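S.K.: Residue numbers (UniProt numbering): 1 to 279. C-beta atoms are modelled at their ideal positions from N, C-alpha and C, and glycine is treated no differently. What you are looking at is a predicted structure, and each value in this text was computed from that prediction instead of being measured.
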Amino acid sequence: MPSKDLLFGTAGIPRSTKGTSSISGIKRIRELDLDCMELEFVQGVRMGEKGAKNVLETANNEEVALSVHAPYYINLNSYEEKKLKASLERIYNAAKIGSLCGAESIILHAGFYQKSSKKSTFESISKALKELTGQFREEGIPAVLRPETMGKRTQFGTLEEVLALSAEIEGVMPCLDFCHLHAREGKENSYSEFTEILSRVEESLGKEGLSNMHMHVSGVEYGTNGEKRHLALKESDLNYPELMKALKEFKARGRVILESPILEEDALMLRMLYNEIQF
């Protein structure tokens with residue numbers, strides 16, 4: 001469902017959480033007066049159905065919106081049938097358990113070009129995502145797959161690619177990672193570029209594209225090949241004040257998930273900045 005407001009939260013449990021469970025993280029999000037949290041299944045889905053139902057109950061009680069990041073070990077453009085099958089299973093498991101937690105959006109790193117052309121890579125990934133979304137519909141799993149814009153040039157995930165998949169496949173929407181967009185070419189870091197990105201989202205996906213967004217924000221260190229590592233926002237050159245201004249101007253709705261090393265500090269700082277912007 002499209003969010004009524006722009007929600008701010010963290011990728012994984014906040015650093016200041018006492019304990020290491022998703023449930024303690026959700027409670028800490030509420031104590032901090034943040035809005036949402038991304039469950040990090042990046043090393044694998046290690047939560048069962050019972051645990052997921054406990055997470056759902058806590059998230060509902062605390063009024064914290066959840067999403068899921070699927071495992072990193074995914075390549076939907078793998079030439080090896082075994083690896084492709086394993087990738088599909090990992091995404092399926094993340095979606096199944098995530099939906100039991102009340103998380104609709106399932107974020108994923110779609111794959112690598114390897115020796116394929118960009119066109120061939122797109123076709124392989126599109127085919128895999130169609131298979132998954134069809135399976136979700138058959139089984140009644142209310143998951144939306146969100147391929148992420150990626151920060152290295154070897155990775156599938158330019159803005160164009162992610163928007164094209166989202167326009168083509170029902171049950172697929174983008175995850176816009178602004179530090180990855182910036183790091184990939186060293187551009188995409190000004191007010192005019194941010195507004196251009198948001199305009200393209202609206203052109204490709206209509207009003208829903210802007211009313212149901214899922215975004216990652218962090219500082220980033222990058223080089224000629226793209227992203228190297230995440231940084232705190234104030235330690236980076238990411239022009240986050242202008243990004244917040246663009247999101248406000250476009251009345252973007254959805255979630256802003258902070259992936260910086262100081263998760264909740266940057267989430268709170270960014271939300272305060274966003275709330276202070278007047279037009």
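Just curious, the beta strand (DSSP E) that E221 is in, first and last residue?
M.R.: Along the sequence shown, one-based indexing puts residue 221 at 221. Unbroken beta strand (DSSP E) run through E221: 219-223.
S.K.: By how many angstroms is the C-alpha of E131 removed from the C-alpha of Y274?
M.R.: The count along the sequence shown starts at 1 and reaches residue 274 at position 274. The count along the sequence shown starts at 1 and reaches residue 131 at position 131. Those two C-alpha atoms are separated by around 38 Å.
S.K.: I want to see whether chain B comes within less than 8 Å of I197, judged by CB atoms only; does it?
M.R.: Absent here is chain B; the protein component of the structure consists of one chain.
S.K.: Going by DSSP in three states, K83 sits in which element: helix, strand or coil?
M.R.: Here residue 83 refers to the residue found at position 83 of the sequence shown. K83 falls in the helix class under three-state DSSP.
S.K.: Taking the alpha carbon of K96 as the reference point, which residue from N75, Y79, A143, Q114 has its own alpha carbon closest?
M.R.: Counted from its first residue, the sequence shown places residue 96 at position 96. That would be A143, whose Cα lies nearest to the Cα of K96.
S.K.: Measure how close the beta-carbons of M215 and V256 come, nearest whole angstrom, since I'm counting them as under 8 Å.
M.R.: Taking the first residue of the sequence shown as 1, we reach residue 215 at position 215. Taking the first residue of the sequence shown as 1, we reach residue 256 at position 256. M215 to V256, Cβ: 5 Å. Contact.
S.K.: What does the Cβ neighbour count give for E47, buried or exposed, with the cut at 16 atoms within 10 Å?
M.R.: One-based indexing of the sequence shown puts residue 47 at position 47. In the sequence as presented, Glu is not what sits at residue 47; that position holds Met. Buried: at least 16 other Cβ atoms inside 10 Å.
S.K.: Give the C-beta separation of V55 and S22 to the nearest angstrom, bearing in mind that I take them to be a contact with Cβ-Cβ under 8 Å.
M.R.: If you number the sequence shown from 1, residue 55 lands on position 55. If you number the sequence shown from 1, residue 22 lands on position 22. Indeed, because the Cβ distance is near 5 Å, the residues count as touching under 8 Å.
S.K.: Give me the residue from T158, M150, V172 with the minimum Cα distance to R137.
M.R.: Looking up residue 137 in the sequence shown gives position 137. For the residues T158, M150, V172, the minimum Cα distance to R137 belongs to V172.
S.K.: Would DSSP call E196 helix, strand or coil?
M.R.: Reading the sequence shown from its first residue, position 196 is the one you call residue 196. Looking at E196 - three-state DSSP - the assignment turns out to be helix.
S.K.: Using only alpha-carbon positions, find the residue among I106, Y73, L165 that is nearest to I141.
M.R.: As a first step, residue 141 must be located in the sequence shown, where it is residue number 141. Nearest C-alpha to I141: I106.
S.K.: From D177, M269, L205, pick the residue whose C-alpha is nearest to that of E227; which is it?
M.R.: Start at 1 with the first residue of the sequence shown, and residue 227 comes out as number 227. Ranking D177, M269, L205 by Cα distance to E227 puts D177 first.
S.K.: Confirm, please, whether the CB-CB distance from T17 to R30 is below 8 Å.
M.R.: Position 30 of the sequence shown, counted from the first residue, corresponds to residue 30. Position 17 of the sequence shown, counted from the first residue, corresponds to residue 17. No; because the gap between Cβ atoms is not below 8 Å, this pair is not in contact.
S.K.: Do G254 and Y222 have their C-beta atoms closer together than 8 Å?
M.R.: Looking up residue 254 in the sequence shown gives position 254. Looking up residue 222 in the sequence shown gives position 222. Not a contact, by the Cβ cut-off of 8 Å.
S.K.: Between the alpha carbons of C101 and H69, how many angstroms are there, rounded?
M.R.: In the sequence shown, the residue the question calls residue 101 occupies position 101. In the sequence shown, the residue the question calls residue 69 occupies position 69. Using only the alpha carbons, I get a separation of about 13 Å.
S.K.: Give me the residue from S99, I74, E196, E259 with the minimum Cα distance to E57.
M.R.: Locating residue 57 in the sequence shown gives position 57, where the first residue counts as 1. Of the listed residues, the one whose Cα sits closest to E57 is S99.
S.K.: Give me the residue from F194, Y79, E104, P71 with the minimum Cα distance to I91.
M.R.: Looking up residue 91 in the sequence shown gives position 91. It is P71 whose Cα lies nearest to the Cα of I91.
S.K.: Using DSSP with H/G/I as helix, E/B as strand and the rest coil, what is M215?
M.R.: Stepping through the sequence shown from its first residue, residue 215 is reached at position 215. Looking at M215 - three-state DSSP - the assignment turns out to be strand.
S.K.: How many Å lie between A252 and F279 at the Cα?
M.R.: In the sequence shown, residue 252 corresponds to position 252, counting from 1. In the sequence shown, residue 279 corresponds to position 279, counting from 1. Whole-angstrom Cα-Cα distance: 14 Å.
S.K.: Measure the alpha-carbon distance for E242 versus E139 and round it to whole angstroms.
M.R.: As a position in the sequence shown, residue 242 is number 242, starting the count at 1. As a position in the sequence shown, residue 139 is number 139, starting the count at 1. Whole-angstrom Cα-Cα distance: 42 Å.
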